[in-house]
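Colleague: In my numbering, the protein residues as written are 168 to 1114.
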Amino acid sequence: MAKQKNTKVKDLDKNTMETTPLNDDIFIKGARTNNLKNVSVHIPRNKFTVVTGVSGSGKSSLTIDTLFAEGQRRYAESLSSYARQFMSRMNKPDVDYIKGLSPAIAIEQKVTTRTPRSTVGSMTEIYDYLRLLFARIGKTISPISGNIVKKDDVTDVVHFIQNQELGAKIFILFKFKMQANRDIREELNILLQKGFARILFKKGTSSNTEIIEDLLELPEKEFEKIFKGKQDIYALVDRLVKKELEEDDLHRLADSINTAFYEGDGEMQVVLGDTEIKNFSNKFELDGIKFEEPVPNLFSFNNPYGACPICEGFGQVLGIDPDLVIPDKRLSLFEGAVAPWKGEKLVWWKDQFIKGASKLKFPIHRPFADLTEEQIQQLWNGSQGTLGIHAFFEDIQSHMYKIQNRVLLSRYRGRTDCYECHGYRLRQEALYVKIDNKHIGQLCEIPTEDLILWFDNLPLSENDAKISVRLLTEIKQRLKTLINVGLGYLTLNRLANTLSGGESQRIQLTRSLGSTLTDSLYILDEPSIGLHSRDTERLIHVLKELRDLNNTVVVVEHDEMIMKEADHIIDMGPLAAHLGGEVTAEGDFKSIVKNPNSLTGKYLSGKLQIEPPAKVRKWTKSIVVEGARQNNLKNITVEFPLNILCAISGVSGSGKTTLVKQILYPGLMKMKEGTTDKVGFHKAITGNIKDIDHIEMVDQNPIGKSSRSNPVTYIKAYDEIRGLFAKQALSKIRGFQPKHFSFNVEGGRCDACKGEGEQIVEMQFLADVHLTCEVCGGKKFKEEVLEVQYKGKSIYDILELSVDEALEHFKEEKNIVKAIQPLQDVGLGYIKLGQSSDTLSGGEAQRVKLASFLGQGSKAGHILFIFDEPTTGLHFNDIKKLLASFNALIHQGHSILVIEHNTDVIRSADWVIDLGPEAGKKGGNLVFAGTPTELKKCKESFTAKYI
């Protein structure tokens, strides 16, 4: 590990540590953003630095809000004032100065887009290069004959003539065509006026040709004889004998060919001798179809030129939803799997299909979930005179004047793949263009780990190889990076809004790495989110590659594997919020482990650890998902125990999210609460479903969209506090009600700032200025409301208290203590009651949600909690508190299901379900189900190697 020899550290006092740089390291002096306490710290240049510490200790404040914000601001300030007014306003971070700052790139832990148009391909820019590749070397294939569509130009005709034998007679012609409302004589006169006095036509049925030298001297009888009923008549533009062509000859030849193309409406002919006619066309046509010439925009579903005209590039339309037509996939056709084929009249459709089933060899008694793809197509499309589901709905639509048919149709409508582009999003002409017999939509369906092999083995002509060499380099480089960060299982058409935060972040990383910048500052906020320990090793390799390109890599991280590989570690703390914001230790891994001030070091050394439970809980009730087949799941049946802590593990892309968030959660919500969300393909969900009153998905999204939202309002404790203040004697005298102590409604809040505590002055091309409200002095309430006090503190003072301080202050008010206590139980004793929700980290927001459920106790009934990677953003110390909260929920009679990679959580679980063994198509199997102790013995499991 790299030791920092170029710095002197002098201890100023207990709370501050200042580092004086003696080289060109990045030096932050006096950072005070959010909870940072005048922090001064150096970050070694061109090294791999990890910033760690408990959740809320100031890691993101130091890296994103100070270091990156200053880098971005300096770049923006270098632009003209005119350009700056169109950019987002950038505040100057609260810091004395930052020295040695490089151009900064930040990759944060959030899903960057929610648009249904954005895909993995467009986010990584691979799709942009693919579009260019197809426009340059793609071959348009006719859907009728399967031949390549191409157009001829002057050069092609000249090359053809140059390849003929010396002395050959060559005629350049265009076809004689009749225009509407003109007779032959009139047409020939126009031809003569243009200077074409000779024509050529075929003799009878033979292939021989004859030339009429002068149309003017043609007798009337001959005229009738030649033109009556003949189609193959050509006007002669030029004739020559093949010889060694000089430059003047080539100019004449090219001019004649151009004239023939123009007069022939894009088509011309060359006759060799008096027999063979060779056709040339500069139109992009074949088999009677006019094709679009490939250009990059033809392959863009975000451009009106390339997007499918039916679905407008979304890939889905409002149509007949297969999941509504066949809601219960356990049933066979005979048992009534097709929901609309019921009733006195409509059952005829089912009966006629059953009668024709023997002819089709269709198994009418087999459950729909067990049918082959071919049999499913037979049921939908029909065959050999037997009518399928599509024919049924076409019949219904043809009788839409009947109100019962309109009602019936509305019952089965939903979002479904576009019938025009089949979900590829592009217009049909774009899908005719292929490379090695695959169109761009098919390439986007191939997992990236297989796609790179396809490109490696792509057979190209010498000319195509020269054109595409740069494009293929860019595509392969980005595909390789995607695979290296553990995303080889993703396809390029995967929607961005279906990605987890970790996947989204690593895709941004791929885009940044694809540009191979050097001498830059990369700031990554927990890139290991959503990564199995096996994939974390690959990520470390990628980060080191980035460092070796002479970049400074700063990573906010809690993962032990990443810390071990770092050149330098900065540990923030000692605790969170106002109890943190200091640098407690810095140095390499060994020095952090030995440092007595470092809480992280104590966990890394083993002095402190997360102890697994002495004994696992037994379970008797469960919920079973049968025959799960969505995405890569291989028809698996999984049992989820209730009233315990159940962890679902497996490498990234093994099928965990598909199983839980696309099948189990929406399936249970549909059964319990009647939601209309789509449920992934499975046979059935069975078990003790009646023992669950509610299902709760707890994610890391912010707890409120408004800047006024805060923890005390979210957990409903503020109602009790406002009620207490309304009961005070002064409130009764002044007629104050609980609403007067709210900053969300008019009455008691400051009228000037509307309860915000500050006023914002817009500065157009500079950052907006936030000024403390002059009327209330930032206290949000009117003066007369603030005069009401409880134990010497106004309502503003109460909101400024930390949870720990509030519990002491309100110890005599049992209802308030009971409401606030869960916040302390989940390890959030340090946050202020009125702290704005947008200043909470993802881990803190998740624990506030947890606290709100803990506060409800068993009143809410038996809840099944589903957590998707709850350890995101959590330090070892926070994970310990999180597990204690889980145990409290289970003690109240709830059940907890956790999708998790963190080995401490898996070891502390009562039951582990491990999927895999690999990602993508090599995953989707149930590798193991049992206790963590038994998992350690499972040789097939990658998880077993790390716990």
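Beta carbons are placed, not taken as given, at the ideal position from N, Cα and C, and that holds for glycine. As the structure is a prediction and not an experimental result, all values here were calculated from the model.
1) Looking at the unbroken alpha helix (DSSP H) that takes in K306, where does it start and where does it end?
2) If we call anything under 8 angstroms between Cβ atoms a contact, is H699 one with G817?
3) Following a CB-centred definition, is F910 positioned closer than 7 angstroms to any heavy atom of the ligand NAP?
4) Within its chain, find whatever has a CB closer than 6 angstroms to the CB of G440; leave out the 5 residues flanking it on each side and keep chain order.
5) Could you tell me how far apart the beta carbons of T703 and M730 are, in whole angstroms, since I believe they sit closer than 8 angstroms?
6) Could you tell me which residues DSSP pairs with P507 in its beta bridges?
7) Does the beta-carbon of Y296 have 16 or more other beta-carbons within 10 angstroms, so that it is buried, or is it exposed?
8) Under the rule that 16 or more other beta-carbon atoms within 10 Å means buried, what is P833, buried or exposed?
9) DSSP has F807 in a bridge; who is on the other side?
10) Does the segment 896-912 come close enough to the segment 942-961 that 3 or more CB-CB pairs lie under 8 angstroms?
11) From which residue to which residue does the beta strand (DSSP E) around F447 run?
12) Which residue's Cα is closest to the Cα of K214: A733, F341 and S898?
13) Whether or not the segment 981-997 and the segment 885-893 are in contact is what I'm after, with contact meaning three or more pairs of Cβ atoms, one per stretch, closer than 8 angstroms; do they touch?
14) Using DSSP with H/G/I as helix, E/B as strand and the rest coil, what is K457?
15) In three-state terms, what does DSSP make of D1077?
16) So what does DSSP say about K1104, is it helix, strand or coil?
17) If you compare alpha carbons, which of G747, V720, L742 and G748 is closest to H735?
18) Of the residues I493, L598, T230 and A504, which one's Cα is nearest the Cα of A474?
19) Check whether the segment 705-723 and the segment 201-209 are in contact - that is, three or more C-beta pairs closer than 8 angstroms.
20) Return the CA-CA distance between I965 and P989, expressed in angstroms with no decimal places.
21) Output needed for D320: all residues of its chain with C-beta closer than 7 angstroms, excluding positions within five of it in sequence on either side, in chain order.
22) Comparing C-alpha positions only, which one of G1097, L688 and E1036 sits nearest to K823?
23) Give me the residue from K801, V462, K445 and A243 with the minimum Cα distance to G1091.
24) By Cβ distance, which residues of its chain are closer than 7 angstroms to D603, with the 5 residues on each side in sequence left out?
25) Between the Cα of L403 and the Cα atoms of K409, D416, K410 and M435, which residue gives the shortest distance?
26) For my contact list, I265 and L234 are in at a C-beta cut-off of 8 angstroms; report their separation, rounded to the angstrom.
27) For K259, count the other beta carbons within 10 Å of its own beta carbon; 16 or more makes it buried, fewer makes it exposed. Which is it?
28) Taking the alpha-carbon positions, what's the E1101 to G581 distance?
29) Does the count of Cβ pairs from the segment 847-855 and the segment 778-796 closer than 8 angstroms reach three?
30) Rounded to whole angstroms, how far is the Cβ of G747 from the Cβ of G220, which I believe are closer than 8 angstroms?
31) Out of curiosity, what's the CA-to-CA distance linking Q644 and T615?
32) For the structure I just gave you, are there three or more beta carbon pairs, one from the segment 550-560 and one from the segment 525-533, closer than 8 angstroms?
33) For S312, which of Y242, D454 and M345 has the nearest alpha-carbon?
34) Assign K960 to one of three DSSP states: helix, strand, or coil.
35) Can you list the beta strand (DSSP E) stretches of 3 or more residues lying completely in the segment 483-532, in chain order?
36) Within its chain, find whatever has a CB closer than 7 angstroms to the CB of S819; leave out the 5 residues flanking it on each side and keep chain order.
Modeller: Looking at the atomic coordinates:
1) Taken as a continuous stretch (DSSP letters only), K306 belongs to no alpha helix (DSSP H), being part of the beta strand (DSSP E) at K306 to I308.
2) yes
3) Among the components modelled here there is no ligand, and therefore nothing to report on the ligand NAP.
4) K336
5) With 8 angstroms as the limit, T703 and M730 do not qualify as a contact, their Cβ atoms being about 11 angstroms apart.
6) The partner list for P507 (beta bridge, DSSP) is empty, contrary to what the question assumes.
7) buried
8) buried
9) I790
10) yes
11) E443 to S448
12) A733
13) yes
14) strand
15) coil
16) coil
17) V720
18) L598
19) no
20) 18 angstroms
21) N449
22) E1036
23) K801
24) L625 and P626
25) M435
26) 7 angstroms
27) exposed
28) 45 angstroms
29) yes
30) 7 angstroms
31) 12 angstroms
32) yes
33) D454
34) strand
35) 483-487
36) G653, G697, L698, H699, D702 and A1086
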